[in-house]
Amino acid sequence: MLKTTQPNQPTTPTLVVSRPGIMRQSLRAALAVYPWIALMASAGDGLTALNYTVQHQPRLLIIDCNLLEEEVEALLAAVKVRAPETRCLVCTRSSQAAERLLAAGADEVILRDSSVHELESALLRLTQEEIDQQF
Numbered sequence: 019m020l021k022t023t024q025p026n027q028p029t030t031p032t033l034v035v036s037r038p039g040i041m042r043q044s045l046r047a048a049l050a051v052y053p054w055i056a057l058m059a060s061a062g063d064g065l066t067a068l069n070y071t072v073q074h075q076p077r078l079l080i081i082d083c084n085l086l087e088e089e090v091e092a093l094l095a096a097v098k099v100r101a102p103e104t105r106c107l108v109c110t111r112s113s114q115a116a117e118r119l120l121a122a123g124a125d126e127v128i129l130r131d132s133s134v135h136e137l138e139s140a141l142l143r144l145t146q147e148e149i150d151q152q153f
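Here's what the structure looks like:
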């Protein structure tokens, strides 16, 4: 069943950070079923994502592992300095990378092949406070 956003339902402005292509499209499609996630835009690299974040202040960044790991780490560090209220979820390929990304500033890390339930749980953990504040 497809969920839809109700007119007065609180949402979390979200930026997807992923190189253009099928993975970005898949991630955006997966997020579209969550009515509290308001997809604002997509960025294909860390610098564009950082500039967008500073200008538009999304509450959530979802970062795909198709960026270089060093680029993701640099983005996380910069976001935590320039927009510390922005929450960051990183989708990665390995649990070893997950540990490094958490240390670099990610608020949540899930494996790219995680279940829909794991993605939804991570999104709820990251956005619950934001949604509660809107009520």
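Under the numbering used here, the first residue of the sequence shown carries the number 19, and numbering increases by one thereafter. Here a beta-carbon is modelled for each residue, glycine too, at the ideal position from N, C-alpha and C.
Residue i burial status per 10 Å Cβ neighbour count (16 or more: buried)
i: residue 69; result: exposed
i: residue 116; result: buried
i: residue 88; result: exposed
i: residue 108; result: buried
i: residue 140; result: buried
CB contact flag (residue i, residue j, <8 Å)
i: residue 32; j: residue 81; result: no
i: residue 36; j: residue 60; result: yes
i: residue 92; j: residue 64; result: yes
Closest residue to residue i among the options (Cα-Cα distance)
i: residue 125; options: 37, 77, 131, 27; result: 77
i: residue 55; options: 41, 65, 28; result: 28
i: residue 72; options: 105, 142, 101; result: 101
i: residue 127; options: 103, 83, 147; result: 83
Per-residue DSSP class, three states only, for residue i
i: residue 5; result: An answer regarding residue 5 cannot be provided, because it is not within the stretch 19 to 153 covered by the chain.
i: residue 44; result: helix
i: residue 136; result: helix
i: residue 103; result: coil
- Are the region 43–57 and the region 93–102 touching by the rule of at least three beta carbon pairs closer than 8 Å? no
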